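Engineer:
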Amino acid sequence: MNPIDILVVDDDKEIAELVEIHLVSDGYRVFKAYNAKEGLDILAMEDVKLAILDIMMPGMDGITMCKMIREKSTIPIIMLSAKSADLDKIIGLSSGADDYVIKPFNPLELTARVKSQLRRFLKFNPGTQELRNDREIVLNHITINKETHRVISYGKEIRLTPIEFDILFLLASNPGRVFSTDEIFERVWNEKMYEANNTVMVHIRRLREKIEMDSRNAEIIKTVWGVGYKIEK
């Protein structure tokens with residue numbers, strides 16, 4: 000079985016090499032780039048399954064690079080940043096990233112997040128892993144196929160990232176049930192939320208922008224104020 004290709008883009012060569020050492024030791028093949036342009040060139044030539052991007056880079060920053068990747072690909076993207084403020088996390092996630100890791104970080108934590116994102120991503124790519132039996136959910140305005148990762152909203156096929164799909168599938172699999180942001184985080188990210196953050200809110204907003212006719216007047220994902228989110232039958 001060929002190793003999974005991962006792209007690491009960071010202008011700090013020591014950090015890029017540290018990440019590479021830990022990923023290679025886990026069996027991945029790593030492509031390194033020290034600026035966004037080099038990283039985009041690698042993505043155009045190689046079958047990369049996940050990208051780790053530094054936010055603060057000379058020239059094109061990681062936010063802009065992330066947006067450019069999202070125009071063509073749904074591969075998982077993990078952002079690295081020395082900024083820990085909630086606003087910086089929101090900006091990073093809103094650009095299309097799936098996860099956000101603050102520098103300095105524990106390399107073992109980063110590799111654990113890489114594994115989690117790849118499990119989710121590879122599960123929905125035919126030919127990469129064993130797939131579950133076909134399961135399709137048809138609700139008002141939307142059709143979701145678990146096996147093919149295909150989403151049709153208002154008659155239009157929608158491209159979602161694996162995280163966005165998992166949130167949508169969780170809500171759609173339990174029509175009428177209200178999920179709190181903490182529960183969504185724990186069920187989708189498979190880890191406890193120990194402190195309040197905006198991760199789920201940002202992903203819900205991105206999801207609505209893709210599947211709703213008018214994201215400000217959502218008809219599919221409903222907000223239950225003070226409680227959480229739900230999808231009706």
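According to numbering that gives the first Met the number 0, the sequence shown is numbered sequentially starting from 0. Positions of the beta carbon are idealized from the N, C-alpha and C atoms, including for glycine. Please read these numbers as outputs of a predicted model, since none were measured by experiment.
Helix, strand or coil, according to DSSP, for V226 in the structure here?
Structural biologist: Translated into the one-based positions of the sequence shown, residue 226 becomes position 227. DSSP places V226 in coil when its eight states are reduced to three.
Engineer: Y99 to E190, Cα distance in whole Å?
Structural biologist: Within the sequence shown, the letter at position 100 stands for residue 99. Within the sequence shown, the letter at position 191 stands for residue 190. One C-alpha to the other measures close to 14 angstroms.
Engineer: From G175, S94, L169, pick the residue whose C-alpha is nearest to that of F184; which is it?
Structural biologist: Looking up residue 184 in the sequence shown gives position 185. The shortest C-alpha separation from F184 is found at L169.
Engineer: For Y27, collect the residues of the same chain with a Cβ closer than 7 angstroms to its Cβ; drop the 5 residues on either side in sequence, then sort them by chain order.
Structural biologist: Your numbering for residue 27 matches position 28 in the sequence shown. So the list reads P2, I3, I5, once near-sequence residues are dropped.
Engineer: Can you tell me the Cα-Cα spacing of E218 and G175, whole angstroms?
Structural biologist: For this step, residue 218 is matched to residue 219 along the sequence shown. For this step, residue 175 is matched to residue 176 along the sequence shown. So the two alpha carbons sit approximately 13 angstroms from each other.
Engineer: State the DSSP-derived secondary structure class of F104, mapped to helix, strand or coil.
Structural biologist: On the sequence shown, position 105 is the one that residue 104 refers to. It is coil, neither helix nor strand.
Engineer: Just verifying my parser: in three-state terms, what is the DSSP assignment at M64?
Structural biologist: Within the sequence shown, the letter at position 65 stands for residue 64. Residue state, collapsed to three classes: helix.
Engineer: Ends of the beta strand (DSSP E) at T142?
Structural biologist: Translated into positions along the sequence shown, residue 142 becomes position 143. Counting along the chain, the beta strand (DSSP E) containing T142 begins and ends at 141-144.
Engineer: Using a Cβ-Cβ cut-off of 8 angstroms (strictly less than) and excluding sequence neighbours within five positions of N139, which residues of its own chain qualify?
Structural biologist: Reading the sequence shown from its first residue, position 140 is the one you call residue 139. Counting only Cβ-Cβ distances below 8 angstroms, and skipping sequence neighbours, we find E218, I219, E231, K232.
Engineer: Comparing alpha-carbon positions, which option in P57, I54, F30 lies nearest A43?
Structural biologist: In the sequence shown, counting from the first residue as 1, residue 43 sits at position 44. Answer by Cα proximity: F30.
Engineer: Which same chain residues end up closer than 7 angstroms to R112 when comparing Cβ atoms and leaving out the 5 residues on each side of it in sequence?
Structural biologist: Here residue 112 refers to the residue found at position 113 when the sequence shown is read from its first residue. Closer than 7 angstroms at Cβ, skipping near neighbours: I77, D98, V100.
Engineer: Who pairs with L138 in a beta bridge, going by DSSP?
Structural biologist: Mapped onto the sequence shown, residue 138 falls at position 139. Looking at the DSSP assignment, L138 forms a beta bridge with I141.
Engineer: Contact check, I51 vs V7 under 8 angstroms by CB: the rounded distance?
Structural biologist: Taking the sequence shown and counting its residues from 1, one reaches residue 51 at position 52. Taking the sequence shown and counting its residues from 1, one reaches residue 7 at position 8. 5 angstroms between Cβ atoms; contact.
Engineer: Consult DSSP for A96 and reduce its assignment to one of helix, strand or coil.
Structural biologist: Numbered from its first residue, the sequence shown carries residue 96 at position 97. DSSP places A96 in coil when its eight states are reduced to three.
Engineer: Please state the DSSP three-state secondary structure of E129.
Structural biologist: Taking the first residue of the sequence shown as position 1, residue 129 is located at position 130. Bear in mind that a pLDDT of 35 at E129, under 50, signals an unreliable position, so the model cannot answer this.
Engineer: What does DSSP give as the partner residues of S152 in its beta bridges?
Structural biologist: Position 153 of the sequence shown, counted from the start, is the residue given in the question as residue 152. DSSP, once it has assigned bridges, lists I141, K155 as partnering S152.
Engineer: Specify the secondary structure class of R28 as computed by DSSP and reduced to three states.
Structural biologist: Residue 28 sits at position 29 when you count from the first residue of the sequence shown. If DSSP states are grouped into helix, strand and coil, R28 belongs with the strands.
Engineer: Just curious, the alpha helix (DSSP H) that K48 is in, first and last residue?
Structural biologist: For the purposes of this step, residue 48 is taken as the residue at position 49 of the sequence shown. Note, K48: premise wrong, no alpha helix (DSSP H); beta strand (DSSP E) at 47-53.
Engineer: Could you tell me the boundaries of the alpha helix (DSSP H) in which I5 lies?
Structural biologist: Along the sequence shown, read from residue 1 onward, the residue named residue 5 stands at position 6. Looking at the DSSP string, I5 is not in any alpha helix (DSSP H); the run it does join, the beta strand (DSSP E), is 4-8.
Engineer: Figure out for me which residue from D11, R186, E19 has the closest Cα to the Cα of L109.
Structural biologist: Your numbering for residue 109 matches position 110 in the sequence shown. It is E19.
Engineer: What are the boundary residues of the alpha helix (DSSP H) that includes M200?
Structural biologist: In the sequence shown, residue 200 corresponds to position 201, counting from 1. Note, M200: alpha helix (DSSP H), 198-210.
Engineer: Go ahead and pull the three-state DSSP assignment for F56.
Structural biologist: On the sequence shown, residue 56 is found 57 positions in, with the first residue counted as 1. At residue 56 the sequence reads Met, which differs from the Phe that was named. Note: M56 maps to coil in three-state DSSP.
Engineer: For G95, I'd like the list of residues in its chain whose CB is within less than 8 angstroms of its CB, leaving aside the five on either flank, ordered along the chain.
Structural biologist: As a working mapping, residue 95 is identified with position 96 in the sequence shown. Excluding residues within five positions, the ones whose Cβ falls inside 8 angstroms are C65, K66, I68, R69, I76, T160, R205.
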